[in-house]
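Start counting the sequence shown at 30; every next residue gets the next number (my numbering).
Ideal Cβ positions, reconstructed from N, Cα and C, are used throughout, including at glycine.
First comes the structure, then the notes that go with it.
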Amino acid sequence: MQSLSQWRDRAEMLTPPFPWDRPRWRDRGGETVVLLHGLWRGWRAMQPLARALEAEGYSTLNIPYPSARLPIGTLANHVRSHIEKVANDRPVNFITHSLGGILARAILSEDPSFQTGKVIMLAPPHGGSEIVDWSKNHPLLSLALGPAGRSLGTDGAPSTLPFLPEGTEAAVIMGNRCSIPLFKGLLGEQNDGIVSAERGRIAGLSGFTVIDADHTFIQMHPETIRLSLQFLKDGTWPA
């Protein structure tokens with residue numbers, strides 16, 4: 030049974046983005062963690078993680094971006110500009126959800142001016158998503174995806190981006206709970222309803238784990254939070 034606080038977190042995470050949303054910077058004195066939400070979401074989708082990080086002394090930069098309006102390259106430049114405003118001599122870590130992981134790859138592929146720390150990607154479509162392939166055959170759904178979303182097909186932008194820079198400590202957490210039965214037949218055996226688990230892999234990872242979570246709420250899963258905090262602390266990942 031979900032607790033009252035968990036229901037509160039879920040409601041907060043589903044709050045749609047607003048045009049007046051701005052990046053939320055919370056300086057707690059520790060290393061910076063940049064939080065990047067996924068398609069159609071807003072900064073509130075990453076707040077359960079942000080609160081857990083801040084409680085451990087990490088500074089957080091939770092960046093909203095117009096995910097359904099602009100292409101990946103433009104979104105990456107938008108996000109990078111906000112990171113550079115707060116970057117200092119402390120490492121800049123990333124925790125991303127879905128499309129946010131692709132943006133992190135785009136940002137880090139262009140020799141960022143800041144010191145890169147660790148990268149944790151939740152449900153990233155590194156190999157694209159069959160759901161996007163299917164949606165592109167339906168005009169209204171394709172329109173709703175926007176230019177960045179439409180590029181996340183199995184032959185799209187993720188396959189053309191460089192891998193993470195050599196030496197980057199990165200890990201991926203995928204989900205295997207499909208809460209959208211309509212899509213289950215379009216995806217691999219293990220999937221979160223949007224992305225097949227195996228399509229989250231990318232070369233050079235320090236860790237890869239599949240947990241019992243769906244795509245929408247994987248950010249608030251206790252195992253996601255535990256693994257993320259442990260990896261940020263000492264770079265270890267369960268075998």
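Q | Contained alpha helix (DSSP H) runs [length at least 4] in the segment 131–193, N- to C-terminal order | A | 159–164, 168–179
Q: Look at the Cβ atom of residue 44, then the Cβ atom of residue 119, and state whether they are nearer than 8 Å.
A: Residue mapping note: residue 44 aligns to position 15 of the sequence shown, counting from 1. Residue mapping note: residue 119 aligns to position 90 of the sequence shown, counting from 1. Residue 119 sits away from residue 44, with the two beta carbons spaced by 8 Å or more.
Q. Can you tell me whether residue 181 is buried or exposed, with buried defined as 16 or more other CB within 10 angstroms of its CB?
A. The residue labelled residue 181 in the question sits at position 152 within the sequence shown. It is buried - the Cβ of residue 181 has at least 16 other Cβ atoms within 10 Å.
(Q) To the nearest angstrom, how far is the alpha carbon of residue 199 from that of residue 135? (A) Within the sequence shown, the letter at position 170 stands for residue 199. Within the sequence shown, the letter at position 106 stands for residue 135. C-alpha separation (whole angstroms): 14 Å.
Q. When DSSP builds the beta bridges, which residues end up paired with residue 236?
A. By one-based count along the sequence shown, residue 236 stands at place 207. Beta bridge pairing from DSSP links residue 236 with 200.
Q. Short check: CB of residue 68 to CB of residue 178, under 8 Å?
A. Residue 68 sits at position 39 when you count from the first residue of the sequence shown. Residue 178 sits at position 149 when you count from the first residue of the sequence shown. Their beta carbons are under 8 Å apart, which means residue 68 touches residue 178 by this criterion.
Q: Kindly identify the DSSP beta-bridge partner or partners of residue 91.
A: Indexing the sequence shown from 1 puts residue 91 at position 62. Partner(s): 53, 64.
Q: Evaluate the contact criterion for the segment 182–192 versus the segment 127–142: three or more CB pairs, one atom per stretch, below 8 Å.
A: yes
Q: Report all residues from its chain with a CB closer than 8 Å to the CB of residue 233; omit the five preceding and five following residues, and keep chain order.
A: Within the sequence shown, the letter at position 204 stands for residue 233. Taken in chain order, the residues that qualify are 192, 193, 195, 197, 199.
Q. Assuming residue 90 contacts residue 52 under a Cβ cut-off of 8 Å, what Cβ separation, rounded to an integer in Å, is found between them?
A. Numbered from its first residue, the sequence shown carries residue 90 at position 61. Numbered from its first residue, the sequence shown carries residue 52 at position 23. With 8 Å as the limit, residue 90 and residue 52 qualify as a contact, their Cβ atoms being about 6 Å apart.
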